[in-house]
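First up is the structure itself, then whatever we jot down about it.
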Amino acid sequence: MKREEYDIFLLTKPPFSPRSELCLKLAARSGNARLYLAGDGVYHLLSGIEELPGYKVYACQEDLEARAIGDREKVTVPDNFYAAFIEDMMEHCKCAYTF
């Protein structure tokens, strides 16, 4: 049985950072990406990033709370963000990118 594979992106940079722009372009081109937002990367939720096609968005609860950003409807907020991220990397990762 073939397992599902994804391009996995960890984005910790804020919006308008050149690294963020590169990350989002690569994720959009992937067509099958999982985007993990941590640190200042959670600020991307304020721009409606979860509405963009081609990837599923995950966010770190602690970072959302630290920046007073509420949960979003189309964003997955795992109980243990880093455990979910590592499990995805180990089980489903085709390529991994960090920004």
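Mapping of the sequence shown onto my numbering: position 76 corresponds to residue 76, and the numbering continues sequentially without gaps.
C-beta: ideal position from N, C-alpha, C; glycine also.
Closest in alpha carbon position to residue 26, among 15, 13, 37 and 55, is 55. The C-beta distance from residue 43 to residue 84 rounds to 20 Å, too long to fall under 8 Å, and the pair is not in contact. Cβ neighbours of residue 14 within its own chain (closer than 6 Å, five residues either side excluded): 40 and 43. Annotated three-state conformation of residue 59 is strand, per DSSP.
Each residue's CA atom was taken as its position, placing residue 16 and residue 79 some 28 Å apart. When DSSP states are grouped into helix, strand and coil, residue 25 belongs to the helix group. Short of 6 Å from the beta carbon of residue 75, and not among the five residues preceding or following it, lie these beta carbons of its own chain, in chain order: 50, 57 and 59. In the assembly as shown, residue 6 is a buried residue. Its beta-carbon has 16 or more other beta-carbons within 10 Å.
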